[in-house]
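Presented below is the structure to which this report refers.
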Ligand code: 16G
Ligand code: MG
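Numbering (full-length UniProt numbering), first residue to last: 1 to 554.
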């Protein structure tokens with residue numbers, strides 16, 4: 001690092017002192033904390049993003065959001081060149097930067113890292129970092145801190161992309177690195193035109209009519225509501241009413257996380273909505289769940305990420321079976337590899353349903369970076385977490401194959417071409433970088449119209465097994481070490497045998513424990529044939545966790 005670069009860094013970083021006594025960790029969703037604690041961390045992630053851009057010679061994204069957390073929190077996460085999450089190799093660097101006690105230590109850490117990674121600070125290439133933020137008021141000053149971070153690296157430029165959903169920013173980074181136009185206009189245009197294409201390819205006679213045509217979306221009083229309002233104007237064939245579009249407090253009694261965890265109606269919904277198809281976004285619009293308001297109560301029937309996945313799998317499988325029908329001589333590969341990626345939290349009934357469709361279902365640990373990475377191994381990989389975060393990934397080779405079919409004039413069956421066109425439209429509609437509530441919603445809506453299904457029909461695909469989640473505060477959650485996608489505990493020794501003995505007492509019992517990645521707790525998930533049994537299993541395993549790990553209350 002030359003003297004000019006060093007003195008710029010020392011000068012600017014001294015204006016962003018870290019808060020005393022706070023240790024930040026780069027969790028599954030970057031740094032997240034009360035907004036008042038984050039200015040220096042955001043500044044430093046700006047530095048990291050500039051270095052990452054120099055190292056990869058590609059555009060990097062920085063998103064300022066705390067998703068479904070309360071409005072006083074904020075956070076920052078990094079989008080890698082593919083539009084996915086920051087590579088895990090750089091997470092320890094992010095943590096040591098954020099926790100450096102003063103400017104001198106900070107510059108030392110940077111200098112060592114730059115040498116180790118052989119990053120050319122004064123080469124030809126200039127770094128470019130796209131910045132986005134959600135609607136939180138604290139985002140304004142944090143965005144400024146991020147800009148200063150990028151500007152502290154001599155050969156780096158920041159580009160403010162505006163107030164965005166998290167998936168929009170990831171989409172823009174990916175598009176830009178593929179040499180495509182990456183504005184919001186391009187994003188809306190791609191979503192609306194691929195949605196239109198899917199509707200045009202609907203077999204005649206499938207369309208649903210009547211009250212079911214209407215969709216009501218709870219926008220969590222966040223950025224997703226605003227963007228859906230803009231997108232709505234470009235869509236024909238969809239009747240959407242957006243509620244909770246910013247007049248109330250972000251995420252307070254609203255949004256996908258609230259709806260999925262509490263299973264009650266969000267603010268602004270009530271008896272008049274019984275029977276109508278409803279959906280909820282989270283605060284930064286990367287999660288989507290559907291629901292139905294129950295008559296005479298504030299309870300809802302939840303149609304969660306698992307069920308969205310089942311709907312997508314069913315539709316894609318239908319298109320693949322058309323494509324793979326024998327008869328035509330085509331450039332068909334031996335077999336399309338369609339992979340379904342779930343976590344241990346997926347309801348057992350959803351896994352059985354997907355397996356019974358003959359699909360390959362695999363499991364990874366919790367967290368988008370794990371499920372996304374696994375899904376990318378297939379021709380078509382679908383991942384969803386029950387909480388509503390998920391997408392469908394298409395490999396480049398498979399997209400080329402679909403393009404070939406589409407343009408193959410010798411095909412006798414136009415049905416094949418239609419199936420290929422539908423799959424191509426899905427690949428353009430559904431966000432290839434990360435789970436996206438806006439694009440997920442449009443795909444759900446297009447598939448329901450294609451099948452001629454109501455939400456009630458969709459919800460009947462299978463019935464969830466009763467489940468219970470608990471959290472246990474323990475002395476050290478890191479003492480829990482899991483294997484097999486978090487389904488087995490290997491440490492402390494003996495606990496898994498004790499859990500197995502409990503599970504054996506319950507019909508259709510399934511239970512696992514894992515250390516949380518976002519909270520200082522161990523989580524317990526249990527499932528069984530009745531709610532009482534699921535509760536009983538969860539509580540007895542929580543007790544075991546307490547005995548083996550030592551409760552903080554004792
Ligand atoms: C984060 C993850 C989400 C995961 C959740 C689990 C991302 C972008 N988000 O919100 O995928 O389901 O953490 O939280 O990766 P936990 O570890 O506290 O149970
Ligand atoms: Mg979110």
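We put the beta carbon where it would ideally sit given N, CA and C, even for glycine.
Taking the alpha helix (DSSP H) that residue i belongs to, which residues open and close that run?
i	result
residue 62	Where residue 62 is concerned, there is no enclosing alpha helix (DSSP H), although the beta strand (DSSP E) it sits in stretches over 60-64.
residue 391	Premise fails: residue 391 lies in the beta strand (DSSP E), 390-394, not in any alpha helix (DSSP H).
residue 241	It is not in any alpha helix (DSSP H) - residue 241 instead sits in the beta strand (DSSP E) that spans 239-243.
residue 98	91-98
residue 107	103-116
residue 471	Counting along the chain, residue 471 falls outside any alpha helix (DSSP H), though it belongs to the beta strand (DSSP E) covering 467-472.
So, for residue i: in the same chain, excluding its five sequence neighbours on each side, which residues have a beta-carbon less than 6 Å away from its beta-carbon?
i	result
residue 103	10, 13 and 14
residue 100	106 and 109
residue 150	46, 50, 129, 156 and 158
residue 338	380
residue 175	182
residue 468	526, 534, 535 and 538
residue 462	349 and 353
What is the rounded straight-line gap between the Cα of residue i and the Cα of residue j?
i	j	result
residue 51	residue 156	8 Å
residue 429	residue 192	8 Å
residue 197	residue 426	9 Å
residue 231	residue 215	14 Å
residue 183	residue 549	50 Å
residue 83	residue 432	8 Å
residue 330	residue 340	Its pLDDT being 48, under 50, residue 330 is placed unreliably in this model, and the coordinates cannot settle the point.
residue 371	residue 3	43 Å
residue 533	residue 20	47 Å
residue 554	residue 531	Per-residue confidence for residue 554 stands at a pLDDT of 41, beneath the threshold of 50, marking its modelled position as unreliable; no derived number is given.
residue 395	residue 477	37 Å
residue 529	residue 457	23 Å
residue 267	residue 253	6 Å
residue 399	residue 419	13 Å
residue 515	residue 146	31 Å
residue 211	residue 276	Its pLDDT being 40, under 50, residue 211 is placed unreliably in this model, and the coordinates cannot settle the point.
residue 393	residue 94	28 Å
residue 62	residue 165	12 Å
residue 23	residue 451	51 Å
residue 154	residue 117	18 Å
residue 286	residue 356	29 Å
Taking 7 Å as the line, does the beta carbon of residue i fall inside it for any heavy atom of the ligand MG?
i	result
residue 372	no
residue 561	As displayed, the chain neither begins before 1 nor continues past 554, which places residue 561 out of reach and without an answer.
residue 139	no
residue 282	yes
residue 185	no
residue 170	no
residue 68	yes
residue 166	yes
Among the residues of its own chain, which have a CB less than 7 Å from the CB of residue i, if the five just before and after it don't count?
i	result
residue 300	259, 263, 264, 265, 291, 292, 293 and 294
residue 96	109
residue 298	264 and 265
residue 73	32, 33, 34, 35 and 66
residue 386	304, 305, 306, 345, 346 and 347
residue 56	81
residue 486	344, 365, 366, 512 and 514
Hey, quick one: how far does the beta strand (DSSP E) through residue i stretch, first residue to last?
i	result
residue 26	Careful: residue 26 lies outside any beta strand (DSSP E) and carries neither H nor E.
residue 131	127-133
residue 251	Premise fails: residue 251 is in no beta strand (DSSP E) and is neither H nor E.
residue 177	Not the beta strand (DSSP E): residue 177 falls in the alpha helix (DSSP H), residues 166-177.
residue 290	288-293
Would you say the beta carbon of residue i comes nearer than 7 Å to a heavy atom of the ligand 16G?
i	result
residue 366	yes
residue 385	yes
residue 253	no
residue 519	yes
residue 389	yes
residue 28	yes
Below 8 Å CB to CB, which residues in the same chain sit around residue i once its five sequence neighbours on both sides are set aside?
i	result
residue 75	29, 30, 31, 32, 33, 38, 64, 65, 66, 67 and 69
residue 323	332, 336, 405, 416, 419, 420 and 423
residue 296	271
Next on the checklist: Please give me, in chain order, every unbroken run of the alpha helix (DSSP H) with length at least 4 that falls completely inside the UniProt domain "Phosphoacetylglucosamine mutase AMG1" (304-453).
Outcome noted: Here the runs fully enclosed are 305-323, 348-356, 368-375, 396-406, 414-429 and 437-451.
Next on the checklist: Quick check on the DSSP output: what are the complete alpha helix (DSSP H) runs of length 4 or more inside the segment 485-553, in order along the chain?
Outcome noted: Listed in chain order, they are 495-503 and 531-549.
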